[in-house]
Structure formats: C-alpha cells, structure tokens
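Taking it in order: structure first as structure tokens, then the write-up.
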Amino acid sequence: MQLFATRLLALACGWLFCFSVWAFPEQFSATYTLTIGNITIGQAKWSLASTGAGKYRYDAVTFPKGPLSLFYKSHRSEHSEWRYENGRIRPLQYRYNRGGKKDRKARIVFDWKAGTQGGGIAINTVNEETWRMPVPSDVLDKNVYVLALMRDLARGRRDFEYRIADGGNIKVYRFSFLGEESLDTKLGPKKTLMVKRIRESVTRETTFWCAPALHYLPVKVVHREKDGTVITLRIDEFGQGQPE
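So, in structure tokens, the structure goes:
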C-alpha cells in the first residue's frame, strides 16, 4: 500500500501547442491531495514547461503530509524531458529520486539514433548500475504516459494501451473507457470521463476521472489495493502560468 501511495502521489507524480495538434497549453501546474478515507497522507504537484527548441519538461514532485505522514516519510520526484515528434510524445530522459528510509535513484536516457527500425536504445542507470535495452519507437517513460492518456482522450479515443520502459523491461499499460460523471471539486463542478486501467490482477484497480474543461487532466484518481485499502487523489489547484 505504501509503495502505491508514493506512486499515486507522483502520478500525483501533462500538455502542448495548438488545438489542432493537442489542445493542451504549453505550460501548467496542478496540486493534489492524497487521502485514505478522510485522512490526508500526502500532497503532490505536477508541472509542465517548455525548455525551448520544441522540448518540454514534465515534473511530478510528492511529499507526505497530514497525521499519517509519520508512516509515509519518503519524498519522491520524477522528471521527464521529451519532445513532440510525428504526432507522439518521444521521451528523451527520465529521472527518479526517492528520499527517506530507502533512498533510490534511477535514470533512463533514450538514444533514438542508436536503434533500428525506428526504435531506439534506453540506457538505464539504477543506483550506479548501468545497462542498455532496445525500445520500440512508441515507448514512453513511467511519468509521461498520463500526458499520452490526456492527448488521446482529446483526440476522441476511448480505449488505449501504452508501452512503458519500466525497471529494465517493456510493460504494457491498458486502459478502458467507463463513461461520464459530473464531480464536485475544489475547482467547481466538472464533467469528467472515467477511464480504468486494466490489470492482470483483479484485486487491484485504478480509475481516473479526466476533465475535458482542463484538457483532460485527471481531477480524481482512485486506487483499490489488494487488501481493500482505497487511496484517493483529488485536485486542489490548477494554473496555466509558468510553473514556479
């Protein structure tokens, strides 16, 4: 449960140019609160900014907060550098840092000139150990798949899957459209599209509520763990100015 809580914080740990391409702003920031029941356990901030020359940086920073923060002490950050190319997100570099009882650092550099048949090579470094693996042309990192989900919802798609470079392997994240629902949020009432991640394990499930008015940004995420624990992520603030 604690591992997913930190991941959801980071998920709680994305967008782009003109409407005809993405319908996303070039920059944004959003903050979220993470709860178990009515108890706050953490807070997160997502932000996107242009770094010039058609490249972007997407950050997800998380930290514990509230009465249960003594049990969720790890601070986590994920940073993705990428560019928009041929209608898709192309990752350039992914960095992960976790501080707390168990520090961990990971980095993936995507070399798109070294691969074959349009693919590339991912150079993985975890705690100073480095290895290389081939990746397909449509691969994403663990951070930016949320941006791809938003982009595809904006394009009218309702069922999708993404190949993710994760832990030295290529994993497939699959999603299915569930329907529409109106939510009351701290930003006011929002119409949302519900999308569920399809997992092999039926005892774990994750559902996203994505708001068209906010470029299909998730305004709520609910995850049910194997032991029945329900973890909820809710949006607090959203802005399209330059992230701080």
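In mature numbering (1 follows the signal peptide of the UniProt record, and there is no 0), the protein residues as written are -23 to -1, 1 to 221. Just so it is clear, CB atoms sit at the ideal spot from N, CA and C, and this is done for glycine as well.
- Considering only V199, T39, G145, Q70, the residue with the shortest C-alpha distance to Y33 is Q70.
- Counting C-beta pairs with one atom in each stretch, the stretch 109 to 119 and the stretch 80 to 92 have three or more that are closer than 8 Å, which means they touch.
- Residues of the same chain with a CB within less than 6 Å of the CB of V199, apart from the 5 flanking positions on each side, are T184, T209 in chain order.
- By the Cβ-count criterion, G19 is buried, with 16 or more other Cβ atoms from all chains shown falling within 10 Å of its own Cβ.
- When secondary structure is reduced to three states using DSSP, D36 falls in the strand class.
- The beta carbon of T28 is closer than 6 Å to those of R34 in its chain, skipping five residues each way along the sequence.
- The alpha carbon of P41 has as its nearest neighbour, out of Y61, T17, L25, the alpha carbon of T17.
- Shortest Cα-Cα distance from Q94 to any of A83, K168, S114 involves S114.
- The stretch 122 to 138 makes contact with the stretch 147 to 160: 3 or more CB pairs, one atom from each, lie closer than 8 Å.
- Y71 carries a strand assignment under DSSP once its states are collapsed to helix, strand and coil.
- For secondary structure counted as the beta strand (DSSP E) over 3 or more consecutive residues, the stretch 86 to 154 holds these complete runs in sequence order: 97 to 103, 106 to 112, 136 to 143.
- Fewer than three beta-carbon pairs drawn from the stretch 115 to 122 and the stretch 172 to 192 are found closer than 8 Å, and the two stretches are therefore not classed as touching.
- Between D213 and T8 a beta carbon distance of about 5 Å is seen, short of the 8 Å cut, so the two are scored as contacting.
- Excluding five sequence positions before and after G96, the CB atoms of its chain that fall closer than 7 Å to its own CB belong to P111, V112, P113, S114, given in chain order.
- For the options D36, S24, G43, the alpha carbon positioned closest to that of G14 is the one of G43.
- For the 8 Å CB-CB criterion, G216 and S6 form a contact.
- In this structure, K168 is the residue among R72, K168, E62, G145 with its C-alpha nearest to the C-alpha of G156.
- Boundaries of the beta strand (DSSP E) harbouring E55: 52 to 62, taken from the DSSP string.
- Annotation for G216: the continuous beta strand (DSSP E) segment containing it runs 207 to 216.
- In the three-state reduction of the DSSP assignment, L191 falls in the helix class.
- It is roughly 12 Å from the alpha-carbon of R176 to the alpha-carbon of R201.
- Just so you know, the alpha carbons of I141 and E158 end up roughly 28 Å apart.
- Considering only E58, R211, A125, the residue with the shortest C-alpha distance to R65 is A125.
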